[in-house]
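Note sheet for the following structure.
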Amino acid sequence: MAIVKDIFIGTLIGGLAYVLFQKKMDNWKSTVSKLKAFPTGFRNLKIENSIIKFNLDISLHNPTNDDFKPDGIIAVLQKINIKDNVGNKIAQINVNRSYITIPAKSNYVLKDLVVEIPIMPNLLNWQNLIKIKSANDIKTEAIITVLGKEYLITN
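Each residue of the sequence shown is one higher than the one before, starting from 64 at the first, in my numbering.
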């Protein structure tokens with residue numbers, strides 16, 4: 064009879080843990096779907112060896128009333144895609160940052176990300192590339208992985 068009681072209590076605890084974890088995952092998914100990523104700083108523009116280089120700050124904005132505090136093992140900011148003002152992908156920054164916390168109604172700023180745009184692969188897009196003069200001329204997409212599933216954060 065004691066074994067049945069132990070199995071029942073173990074099952075009850077396991078079920079409760081699963082329900083709580085699932086609720087936390089649903090909350091994370093809801094918050095991730097509302098996050099925004101946008102460029103906030105643009106400096107050190109130069110052309111070297113057929114590559115356009117500049118430093119870029121990216122702000123991740125949490126407009127929700129919930130803090131975004133995932134465990135670093137569960138959520139990782141993988142990469143940021145840089146697009147021109149028309150939406151053509153021109154570069155990618157591999158970030159791979161864990162333990163990012165964004166309080167409710169707040170920002171998390173990634174400072175001085177080095178962007179390198181190769182000119183030759185973007186030659187057909189040169190008219191849009193020469194228009195990049197500030198952070199307003201760039202669109203960004205941040206990709207966060209939560210438990211192996213990718214979520215796209217745009218501006």
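Ideal Cβ positions, reconstructed from N, Cα and C, are used throughout, including at glycine.
Near L108, what residues of its chain come up, given a Cβ to Cβ distance below 6 Å and the 5 sequence neighbours on each side ignored? As a first step, residue 108 is located in the sequence shown; it is residue number 45 there, counting from the start. Leaving aside the five residues that flank L108 on each side, the residues in its chain whose CB is nearer than 6 Å to its CB run, in chain order, F117.
Give me the Cα-Cα distance between K87 and I163, rounded to the nearest whole angstrom. Stepping through the sequence shown from its first residue, residue 87 is reached at position 24. Stepping through the sequence shown from its first residue, residue 163 is reached at position 100. Computed Cα separation, rounded: 17 Å.
Would I216 pass as a contact of K92 if the rule is Cβ separation under 8 Å? If you number the sequence shown from 1, residue 216 lands on position 153. If you number the sequence shown from 1, residue 92 lands on position 29. It is not a contact, given that the beta carbons lie outside the stated cut-off.
Below 8 Å between beta carbons: does that hold for L219 and I115? Absent from the structure is residue 219, since the part of the chain shown begins at 64 and ends at 218.
Taking K174 as the reference, give the member of N185, Q190 and I143 with the closest Cα. Taking the first residue of the sequence shown as 1, we reach residue 174 at position 111. In terms of CA proximity to K174, I143 leads the group N185, Q190 and I143.
Just how far apart, CA to CA, sit N90 and P184? As a first step, residue 90 is located in the sequence shown; it is residue number 27 there, counting from the start. As a first step, residue 184 is located in the sequence shown; it is residue number 121 there, counting from the start. If I take the Cα positions, the gap works out to 40 Å.
Just mark F101 as buried or exposed, buried being the case when its beta carbon has 16 or more other beta carbons within 10 Å. Here the question's residue 101 lines up with position 38 in the sequence shown. The residue is buried, with at least 16 neighbouring Cβ atoms inside 10 Å.
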